[in-house]
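Asks:
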Amino acid sequence: MPDDQEKIDAQIRLEMEQKESYNTLTKRYKALSKSFLTAASFGAAFIFMIIIIFKFSNSDFLSAYQYFFIFISLFAFCISIALHWQYQTLSNDDLSDFSPNISLLAKNQRLGNRLAKNRTTVYNNNAFFYIGVFSFLLAILLWLIPSNNNRLCKKTVTQVSKNDVKITVDLLQINDVYEIAPLDNDMVGGMARIATLKKQFQHQNENTFLLMAGDFLSPSVFNSVRSPLNEKVAGKQMIAAMNVAGVDLAVFGNHEFDVSYNVLQQRINESSFQWVSSNVYHKSASGNIPFQKNKVDIPTSWKKTFFNDVGTSFTIGFFGVTIPDNKGGDPEYVSYDSTLYAARKMYKVLAPDCDAVIAITHQDVKEDSMLAVAIPQLTAIIGGHEHDMQFENVGHVIISKAHSNARSVFHLKLLLNRRNNTTITSIVQELIPVDTTIKQDYLTKIICSRWMDVAKEYFKKAGFSPDLEVCKNFTSTLDGKDASVRNGSTNLSKLITDAMLWAGESKGCDVSILNSGAIRVDDFITSPITQYAVLRALPYEGKICIVKMKGWFLKKLNDSAAHLKNEGAFLQYSFKNDKPIADSVTNKIAIGDYLISGKQSKLNYLKEGTPGIIGTVIFPLPADSNLFDVRKAVINYMKAYCGKKELNKYRE
Numbered sequence: 000m001p002d003d004q005e006k007i008d009a010q011i012r013l014e015m016e017q018k019e020s021y022n023t024l025t026k027r028y029k030a031l032s033k034s035f036l037t038a039a040s041f042g043a044a045f046i047f048m049i050i051i052i053f054k055f056s057n058s059d060f061l062s063a064y065q066y067f068f069i070f071i072s073l074f075a076f077c078i079s080i081a082l083h084w085q086y087q088t089l090s091n092d093d094l095s096d097f098s099p100n101i102s103l104l105a106k107n108q109r110l111g112n113r114l115a116k117n118r119t120t121v122y123n124n125n126a127f128f129y130i131g132v133f134s135f136l137l138a139i140l141l142w143l144i145p146s147n148n149n150r151l152c153k154k155t156v157t158q159v160s161k162n163d164v165k166i167t168v169d170l171l172q173i174n175d176v177y178e179i180a181p182l183d184n185d186m187v188g189g190m191a192r193i194a195t196l197k198k199q200f201q202h203q204n205e206n207t208f209l210l211m212a213g214d215f216l217s218p219s220v221f222n223s224v225r226s227p228l229n230e231k232v233a234g235k236q237m238i239a240a241m242n243v244a245g246v247d248l249a250v251f252g253n254h255e256f257d258v259s260y261n262v263l264q265q266r267i268n269e270s271s272f273q274w275v276s277s278n279v280y281h282k283s284a285s286g287n288i289p290f291q292k293n294k295v296d297i298p299t300s301w302k303k304t305f306f307n308d309v310g311t312s313f314t315i316g317f318f319g320v321t322i323p324d325n326k327g328g329d330p331e332y333v334s335y336d337s338t339l340y341a342a343r344k345m346y347k348v349l350a351p352d353c354d355a356v357i358a359i360t361h362q363d364v365k366e367d368s369m370l371a372v373a374i375p376q377l378t379a380i381i382g383g384h385e386h387d388m389q390f391e392n393v394g395h396v397i398i399s400k401a402h403s404n405a406r407s408v409f410h411l412k413l414l415l416n417r418r419n420n421t422t423i424t425s426i427v428q429e430l431i432p433v434d435t436t437i438k439q440d441y442l443t444k445i446i447c448s449r450w451m452d453v454a455k456e457y458f459k460k461a462g463f464s465p466d467l468e469v470c471k472n473f474t475s476t477l478d479g480k481d482a483s484v485r486n487g488s489t490n491l492s493k494l495i496t497d498a499m500l501w502a503g504e505s506k507g508c509d510v511s512i513l514n515s516g517a518i519r520v521d522d523f524i525t526s527p528i529t530q531y532a533v534l535r536a537l538p539y540e541g542k543i544c545i546v547k548m549k550g551w552f553l554k555k556l557n558d559s560a561a562h563l564k565n566e567g568a569f570l571q572y573s574f575k576n577d578k579p580i581a582d583s584v585t586n587k588i589a590i591g592d593y594l595i596s597g598k599q600s601k602l603n604y605l606k607e608g609t610p611g612i613i614g615t616v617i618f619p620l621p622a623d624s625n626l627f628d629v630r631k632a633v634i635n636y637m638k639a640y641c642g643k644k645e646l647n648k649y650r651e
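Once you know that position 86 of the sequence shown is 85 in numbering that gives the first Met the number 0, the rest is easy, because the numbers rise by one and skip nothing.
Here it is in structure tokens:
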């Protein structure tokens, strides 16, 4: 019996040990499963946190070292918490399973040792928990500490929102604008449409900037207009229109110096926009000094800092250079530096403190290209002087010019990205036609209309009828584009020289000569042809003088002027009966007073006393109305020959 009882006890112990072993393995499996799920959960959380950091933080805000230690800290946090949970689960499961059989386990030395070890683990695994908490707090601290990695353009950038490191600036360019009102029967142009266009862009982006690249005070039909107070208007109407339209920055064009110094100073003082001029100076008794606006020097360079709604900044530096050509104005008060010399100097001044440097120029596109080669770090060259649209890239430098008279606006959108160092990108380069799809701004339209009324009233007092149609059955389009009249003869230039020859017939003239620069409309004149259209084409009060020239001199003049294409010195002629020129014959010439006074650039030898010019120049008297004003000669000629062969043959 004792043997049988011992066998039964042994069998029971064996069954209990097998059951306990099975339970232990089951609990361990469950614990390991929980550990795996715990580690996977924290790993997913860790990856998600890293994605959030990189997605919504500015990489310039945190340095590479910070990201590395944040990564290590978060990794240590996940591992520590996972181990803590694993050991905590294992320890609790072991104790719960074996506590009812403590006496039995005490007899089993191996299981007793394991139980003691698990009880020790219960008290010691808290170290993993504390390590995990410390690692997490360290990661948060490293994230909150700002780095010193955000220095751009040698200046500290304003700290920005983690999710907005980009800023755009919209630059709108106009140049060579002589007309405040729309052209082509209100179909194109007009400063009121420019005002609307700027407001449309501002509605989308507050950082919109409107620039004028020179030539806006002169020449214009307003050059000969006086206000009701008997003051010369001479650009006053354009300053008023530019002020209300929202022009932000302007440079001098060469024709700003067509007016006298006192008039120019008045116009500058009247302007509400910024001026910049890097190579043009006022030649005074004390030397060459900057021009001034309200007794403050016009800067040779200028910086504008733009901000978006979260504080990201974009600083653009501007400088302006102007072609040294003011022979038509008053050269006594203007002095020029070399454009390239001034540009290089100004770039060195602006570059250290700016994200972008832009040149606003008034010169030939060929000279703009030379400037781009000389300073390849420029972001853009916003130019004027040419009257047709120009666009090209020289290296990375954008060169742009819009059509004259606000027929188009060139739009340049610049993007500054402060992520991983400054990156400037031109994301939009477009030419925007200014036509009837753009409504006229109400206030700007009122200002322009009032000035147009001033001009028309003045011309009425001077004997013109601005709105009167000159020739009702004249249906051809007159070509007054600079590209045409400065390279050859057009129906408009022929019409004017024929009118001059017609006006001088009573004085025995057989040739008429006109400098192409006298035709300032740079436009097609469409029917109906009103007197105001003629005034637009010939804005200057030019007189028709009578002078004698030898045939050989006339040939020489013709040959030399033929090489002056694309310039105002290119000459237009009409010959009576198309007779050939003989060297020894003396010809009577009907010629503009400006041209025969030696004022025309590159033809300054054309004046009284030059060999080949015989006798004195005869200036007309007011009684000779057709000779006294070339515009009246054209109007009266068209009236006299309207619909007749003599006029019709010049329409082709």
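Cβ atoms here follow ideal geometry from the backbone N, Cα and C, with glycine treated the same way.
1) What's the gap between the Cα of SER407 and the Cα of GLN439?
2) Measure the alpha-carbon distance for ALA589 versus GLY487 and round it to whole angstroms.
3) Could you check the C-alpha separation between PHE501 and TYR636 for me, to the nearest Å?
4) Would ASN603 pass as a contact of GLY611 if the rule is Cβ separation under 7 Å?
5) With respect to the beta strand (DSSP E) encompassing SER425, which residues constitute its N-terminal and C-terminal limits?
6) Rounded to a whole number of angstroms, what is the C-alpha to C-alpha distance between ALA517 and PRO218?
7) Bridge partners of ARG225, per DSSP?
8) Any beta carbon of chain D sitting closer than 7 Å to that of LYS294?
9) Indicate the three-state DSSP secondary structure (helix, strand or coil) for VAL258 in the structure shown.
10) Is the Cβ-Cβ distance between ALA371 and LEU339 less than 7 Å?
11) What are the residues that DSSP puts in a beta bridge with TYR280?
12) Expressed to the nearest angstrom, what Euclidean distance is found between the alpha-carbon atoms of PHE290 and TYR280?
13) Just the Cα atoms here: how many angstroms apart are SER511 and PRO621?
14) Entirely within the stretch 321-393 and at least 4 residues each: give me those alpha helix (DSSP H) ranges in chain order.
15) Where are the beta strand (DSSP E) runs, 3 residues long or more, that stay fully inside the stretch 478-563, in chain order?
16) Determine the direct distance from the alpha carbon of ASP183 to that of ILE446, and round the result to whole angstroms.
17) Tell me whether the beta-carbon of LYS282 lies closer than 7 Å to the beta-carbon of SER334.
18) If you run the structure through DSSP and keep just helix, strand and coil, what is SER58?
19) In chain order, what residues of the same chain have a beta carbon less than 7 Å from the beta carbon of LEU563, not counting five sequence neighbours either side?
20) Going by beta-carbon coordinates alone, are LYS547 and LYS587 separated by less than 7 Å?
21) Run the CB neighbour count on HIS395, radius 10 Å, all protein chains shown included, and call it buried at 16 or more, exposed below.
22) Going by Cα to Cα distance, which pick from GLN201, ILE288, LEU349 and ASN261 is closest to LYS302?
23) Helix, strand or coil for ASP582, going by three-state DSSP, please let me know.
24) Helix or strand or just coil, what does DSSP make of ILE613?
25) Buried or exposed, going by whether 16 or more other CB atoms sit within 10 Å of the CB of ALA342?
26) If you reduce the DSSP assignment to three classes, tell me which class ASN253 lands in.
27) Is it the case that the Cβ atoms of ASN253 and ILE297 are separated by a distance below 7 Å?
28) Compute the distance between the beta-carbons of ILE543 and VAL629, then report whether it is under 7 Å.
29) Where do the ends of the alpha helix (DSSP H) carrying GLN676 lie?
30) Considering only C-alpha positions, which residue in the set ALA639, MET451, GLU269 and SER312 is nearest to GLY189?
31) Alpha carbon to alpha carbon, how far is VAL246 from GLN599? Give it in angstroms, no decimals.
32) Along the chain, where does the alpha helix (DSSP H) containing LEU442 start, and where does it finish?
33) Looking only at its chain, what residues have a beta carbon closer than 6 Å to the beta carbon of SER277, apart from the 5 residues adjacent to it on each side?
34) Quick one: grab the DSSP three-state call for GLU269.
35) Using CA coordinates, which residue listed in GLY541, SER573 and VAL584 is at the minimum distance from PHE618?
36) Determine, using beta carbons only, whether ILE495 and LEU513 come nearer to each other than 7 Å.
Replies: In brief:
1) 14 Å
2) 20 Å
3) Note that residue 501 corresponds to Trp in the displayed sequence, not to Phe. Taking the straight line joining both Cα atoms gives about 7 Å.
4) no
5) 422-432
6) 10 Å
7) LYS231
8) No chain D appears in the structure shown, which is made up of a single protein chain.
9) coil
10) no
11) SER334
12) 6 Å
13) 20 Å
14) 338-349 and 364-373
15) 510-514 and 543-549
16) 20 Å
17) yes
18) The predicted position of SER58 is uncertain, since its pLDDT is 40 and thus under 50; no value can be drawn from it.
19) PHE569 and LYS601
20) yes
21) exposed
22) LEU349
23) coil
24) strand
25) buried
26) helix
27) no
28) yes
29) In the structure as shown, the chain starts at 0 and stops at 651, and residue 676 therefore has no counterpart that could be examined.
30) MET451
31) 32 Å
32) 441-460
33) THR299, PHE318, GLY319, VAL320, ALA341 and MET345
34) helix
35) GLY541
36) yes
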